[in-house]
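Chains as they are written, first to last, in our numbering: chain G, 605 to 849; chain B, 1452 to 1939; chain E, 21 to 143.
Cβ atoms here follow ideal geometry from the backbone N, Cα and C, with glycine treated the same way.
A quick write-up on the structure given underneath.
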């Protein structure tokens, strides 16, 4: 019964969209971009000094959206940690019965620094090439997953990750507030010198913001997996507290 | 003049700080200090915004390239409401939260509660201040995700289930909103609401219809518009009572007002009519469902559906007096419903039960709590001389002044709903003060409300108690808000 | 010749519809979450396609290329939808992570993730 209603709803919705709107969209591919995109392309180098227009938009022109996005990730990490209290202390030993042998043991240790290096590279070059804080942070977090999955370490301390997370977040907000305190009186204004196009140390505060974002994302994703697999460092309150409630 | 960007920067920074420090005491102090600071600044921003909207330039980039942001009368009014409500609920949370659920990791969870609460406030602040459609989406997501998490806080089965349902519906809504944003950008080449409004007005009808429907779907889920509100009774009743108060008190209302603002300025006129009809349906369904509830918080949750639908009806009448009435009702409901939920929290703690029958005779064991409950309930029904009477009366006046079929239908529906409301609310109050007190007395431990909870509830009740008498001063606030709502 | 953007728009629409169908009809809640993911995917593809320009290049300036900067600028695709999608992907990921954690907790409590056994989830 539900399937029938579901199909009916979907079909009517599809019909609605198709007949009314898709007509307009089935045209030749456009040859020029829309106003806002055009403005962004033109203003990237003069206003931000970055070579990557998407980064200029994400970090500078629409920096508040990125702050919001970072906040959403922060919320997810908090939420997962909040809901994972029951998993604490279990670890992955229930899932992985044997230890993977020689290749896993040495291979993991060999590959880890490379993963981290590539991740940091991507974060640092966010304003010059595709990438930036988010993919770079994810890559660094992948290194942490590798650590857990291959048994290099059985437990990780979410406390340290929380400290890193908090610091990185505060750094982002502080960079924004610097803009407020400067003569431009604008939150998240790009107050540092723009430098020359194509250098790593250019584009004002953009690399700094991406560095904060990258660190935060890496810390958050690591917390996510650590909480979910129960590989939390044995913390004080996983055992029953005394009588006081 | 202090920059209103502090409304975003401070709660975010405070939340990061709380997680950094990781201690419960630090969390409480930081949270309360932050919100208190903002609540003190809010009236100043309000008086400034009423005389002239405060425009804020972000990242030193002006719209349309940058994000359009600012504080006008509507935003500033909401900022005051959110900040004060947030502060009172935080005070209430101090003694209450340790009672909200039993699970492993409770100590650290409390720290996270305060952090997530602050982020909820930041999301709400951003939502009312932004004039850019994608920024709206981002802050909306912050608000939604904080709510999903806080609903699930107690980690009881029903809370987890309610949160999941809420989350699934909310995600679909967000997806639709994104499609609408994409379509708007494609049409207008900009993300600023003013530009989109102009472009949609000139667009073919089918296009703007699709965009409006998608938006209404997206926001309607969060604003609890019938029939998109199936998640609400479970979520508001399973959440910790402090969160129920916040959700019913301002979260759904903020979503509602944003939706109304978009409808008035960007969407076509038929959308308003559709919303009016849905609103009346919501009033009926909400109040009738509340009648049959045996659990207090579920009854209150259904009542919220009914009350918010009344607000929606008032807003969609299309007249300034209608909007005025809607804002009045919003303010009253924030005070009354928050008080009701906060008190119910302690009814549950003291008796260990969610059911109304278990509260029989609590009027004697918990005199202050019950008195507060009774006053708030009377105001909600609309009994003079409480605030609720005047706000409801004004809605009826606005409906009559509309001289339209829907206006008259609205009068009938609201009067009928008032009768229903009085039936179940009086029933609850009678139970509280009823005879046969053994059930409550034996199982309730620890007396009346703790100090901070008392202060918080008193704050909300004060609003509905004196609101009726200081209507003229409220009108100086509400009238500009009503006027500004029709602009974007 | 069908334009590329038409193909992409159709794909995104189909994905969104498939995902919605999944959310409405699947009994296993993990599949519901996956369907939500599919909807997100469809929406993101839709957003990126809005920025498509025929014969466009990636919106990144190359400082040492043969073409001038102005020349490069005239052939770029629209960078704005890409930035929107960047944010949307992250937000979608956050929601999925929390939803799955909720399901893990529910599974622990009840031993099942089928809708029929979870009484609170009747629509």
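Do the CB positions of residue 1843 of chain B and residue 1699 of chain B come within less than 8 angstroms of each other?
-> Counting from 1 along the second chain, the entry for residue 1843 of chain B is found at position 392. Counting from 1 along the second chain, the entry for residue 1699 of chain B is found at position 248. Cβ distance not < 8 angstroms, so residue 1843 of chain B and residue 1699 of chain B don't count as in contact.
Say whether chain B places a C-beta atom closer than 8 angstroms to the C-beta of residue 84 of chain E.
-> In the third chain, the residue the question calls residue 84 of chain E occupies position 64. Output row for residue 84 of chain E: interface = no.
Identified DSSP bridge partners for residue 1746 of chain B = Translated into the one-based positions of the second chain, residue 1746 of chain B becomes position 295. DSSP output for residue 1746 of chain B lists B:1806 as bridge partner(s).
Supposed contact pair residue 670 of chain G and residue 663 of chain G - C-beta distance, whole angstroms, cut 8 angstroms | Here residue 663 of chain G refers to the residue found at position 59 when the first chain is read from its first residue. Here residue 670 of chain G refers to the residue found at position 66 when the first chain is read from its first residue. Yes, residue 663 of chain G and residue 670 of chain G are in contact; Cβ-Cβ is about 6 angstroms, under 8 angstroms.
Could you list the residues in the segment 791 to 814 of chain G with a C-beta less than 8 angstroms from some C-beta on chain B, going in chain order?
-> Against chain B - using a Cβ distance shorter than 8 angstroms - the residues of the segment 791 to 814 of chain G are 791, 792, 793 and 794.
Can you list, in chain order, the residues of the segment 1601 to 1619 of chain B whose Cβ is nearer than 8 angstroms to any Cβ on chain E?
-> 1603, 1606, 1608, 1609, 1611, 1612, 1613, 1614, 1615, 1616, 1618 and 1619
Exposed unless 16 or more other CB atoms sit within 10 angstroms - verdict on residue 1917 of chain B | Against the second chain, residue 1917 of chain B aligns to sequence position 466. The residue is exposed, with fewer than 16 neighbouring Cβ atoms inside 10 Å.
Note down, in chain order, each residue of its chain lying with its Cβ closer than 6 angstroms to the Cβ of residue 1650 of chain B, except the 5 sequence neighbours on either side.
-> As a first step, residue 1650 of chain B must be located in the second chain, where it is residue number 199. Excluding residues within five positions, the ones whose Cβ falls inside 6 angstroms are 1638 and 1639.
What residues from chain E crowd round residue 1599 of chain B, counting only those whose CB sits closer than 7 angstroms?
-> By 1-based counting over the second chain, the position of residue 1599 of chain B is 148. Under the 7 angstroms cutoff, chain E gives 118.
Contacting positions in the segment 661 to 678 of chain G - beta carbon closer than 8 angstroms to chain E | 661, 662, 666, 669, 670, 672, 673, 676 and 677
Those runs of the alpha helix (DSSP H) which lie wholly inside the segment 21 to 95 of chain E and span at least 4 residues = Whole alpha helix (DSSP H) segments, 4+ residues: 24 to 45, 49 to 70 and 89 to 94.
List the residues of chain E whose Cβ lies closer than 8 angstroms to the Cβ of residue 756 of chain G, in chain order.
-> The residue labelled residue 756 of chain G in the question sits at position 152 within the first chain. Those do not exist, as residue 756 of chain G stays about 23 angstroms from chain E at its closest Cβ, beyond 8 angstroms.
Using a Cβ-Cβ cut-off of 6 angstroms (strictly less than) and excluding sequence neighbours within five positions of residue 792 of chain G, which residues of its own chain qualify?
-> Position 188 of the first chain, counted from the first residue, corresponds to residue 792 of chain G. Contacts found: 667, 780 and 783.
Measure the C-alpha to C-alpha separation of residue 737 of chain G and residue 673 of chain G and round it to an integer number of angstroms.
-> In the first chain, the residue the question calls residue 737 of chain G occupies position 133. In the first chain, the residue the question calls residue 673 of chain G occupies position 69. Taking the straight line from one Cα to the other gives about 12 angstroms.
Enclosing beta strand (DSSP E) for residue 1521 of chain B [first to last residue] = Counting from 1 along the second chain, the entry for residue 1521 of chain B is found at position 70. Segment 1519 to 1522, the beta strand (DSSP E) holding residue 1521 of chain B.
State the start and end residues of the unbroken alpha helix (DSSP H) segment that holds residue 1491 of chain B.
-> Locating residue 1491 of chain B in the second chain gives position 40, where the first residue counts as 1. Per DSSP, the unbroken alpha helix (DSSP H) holding residue 1491 of chain B starts and ends at 1475 to 1502.
Three-state secondary structure assigned by DSSP to residue 1767 of chain B | On the second chain, residue 1767 of chain B is found 316 positions in, with the first residue counted as 1. Three-state DSSP puts residue 1767 of chain B in coil, outside helix and strand.
Residues of chain B with a CB under 8 angstroms from the CB of residue 150 of chain E: which are they?
-> Only positions 21 to 143 of chain E appear in the structure, and residue 150 of chain E is not among them; the question remains open.
From what residue to what residue does the alpha helix (DSSP H) around residue 1593 of chain B run?
-> What you label residue 1593 of chain B is simply residue 142 of the second chain in a count that begins at 1. Run containing residue 1593 of chain B: 1584 to 1602, per the alpha helix (DSSP H) assignment.
Compare the C-beta of residue 38 of chain E with all C-beta atoms of chain B and state if any pair is closer than 8 angstroms.
-> Start at 1 with the first residue of the third chain, and residue 38 of chain E comes out as number 18. No - not a single Cβ of chain B is within 8 angstroms of the one on residue 38 of chain E.
Answer with buried or exposed for residue 694 of chain G, where buried requires no fewer than 16 other C-beta atoms within 10 angstroms of its C-beta.
-> Residue 694 of chain G sits at position 90 when you count from the first residue of the first chain. That one is exposed.
Excluding sequence positions up to five away, which residues of its chain have a Cβ less than 6 angstroms from the Cβ of residue 1603 of chain B?
-> Taking the second chain and counting its residues from 1, the one referred to as residue 1603 of chain B is at position 152. Once the five neighbours on either side are set aside, the close Cβ partners of residue 1603 of chain B are 1610, 1611 and 1614.
Consult DSSP for residue 1865 of chain B and reduce its assignment to one of helix, strand or coil.
-> Taking the first residue of the second chain as 1, we reach residue 1865 of chain B at position 414. Helix at residue 1865 of chain B.
Considering only the beta carbon of each residue, do residue 1644 of chain B and residue 1519 of chain B sit closer than 8 angstroms?
-> For the purposes of this step, residue 1644 of chain B is taken as residue 193 along the second chain, with counting starting at 1. For the purposes of this step, residue 1519 of chain B is taken as residue 68 along the second chain, with counting starting at 1. In this structure, residue 1519 of chain B lies closer than 8 angstroms to residue 1644 of chain B by Cβ.
Ignore the nearest five residues each way along the sequence and tell me which others in residue 615 of chain G's own chain have a CB closer than 7 angstroms to its CB.
-> Locating residue 615 of chain G in the first chain gives position 11, where the first residue counts as 1. Cβ within range, chain order: n/a, list empty.
Within the 8 angstroms Cβ cut-off, does residue 103 of chain E reach chain G?
-> One-based indexing of the third chain puts residue 103 of chain E at position 83. For residue 103 of chain E, the answer is yes, since a Cβ of chain G falls inside 8 angstroms of its Cβ.
Taking Cβ-Cβ distances shorter than 7 angstroms, what residues in chain E pair up with residue 694 of chain G?
-> Along the first chain, one-based indexing puts residue 694 of chain G at 90. Going along chain E, no residue has its Cβ under 7 angstroms from residue 694 of chain G, so there is no contact; the nearest lies around 11 angstroms.
With a 10 Å radius around its C-beta and 16 neighbouring C-beta atoms as the bar for buried, classify residue 710 of chain G as buried or exposed.
-> For the purposes of this step, residue 710 of chain G is taken as residue 106 along the first chain, with counting starting at 1. Burial call: exposed.
What did DSSP end up calling residue 843 of chain G once you bin it into helix, strand or coil?
-> Taking the first chain and counting its residues from 1, one reaches residue 843 of chain G at position 239. Residue placement at residue 843 of chain G cannot be trusted, given a pLDDT of 41 that sits under 50; what the coordinates show is reported in the next sentence. Looking at residue 843 of chain G - three-state DSSP - the assignment turns out to be coil, as it is neither helix nor strand.
Among all the DSSP beta bridges, which residues are the ones paired with residue 760 of chain G?
-> In the first chain, counting from the first residue as 1, residue 760 of chain G sits at position 156. G:836.
Could you check what DSSP says for residue 1505 of chain B in three-state terms: helix, strand or coil?
-> Numbered from its first residue, the second chain carries residue 1505 of chain B at position 54. Of the three classes helix, strand and coil, the one that applies to residue 1505 of chain B here is strand, per DSSP.
Evaluate the contact criterion for the segment 1773 to 1786 of chain B versus the segment 1701 to 1713 of chain B: three or more CB pairs, one atom per stretch, below 8 angstroms.
-> yes
Using three-state DSSP, classify residue 1643 of chain B as helix, strand or coil.
-> As a first step, residue 1643 of chain B must be located in the second chain, where it is residue number 192. Residue 1643 of chain B: strand per DSSP, three-state reduction.
Output yes if chain G places a C-beta closer than 8 angstroms to the C-beta of residue 31 of chain E; else output no.
-> Locating residue 31 of chain E in the third chain gives position 11, where the first residue counts as 1. No, residue 31 of chain E does not count as interfacial toward chain G.
Compare the C-beta of residue 746 of chain G against all C-beta atoms of chain E and say whether one is closer than 8 angstroms.
-> Taking the first residue of the first chain as position 1, residue 746 of chain G is located at position 142. Chain E contact via Cβ: absent.
May I ask which residues mark the beginning and end of the alpha helix (DSSP H) holding residue 1818 of chain B?
-> Position 367 of the second chain, counted from the start, is the residue given in the question as residue 1818 of chain B. 1818 to 1832 is the extent of the alpha helix (DSSP H) around residue 1818 of chain B.
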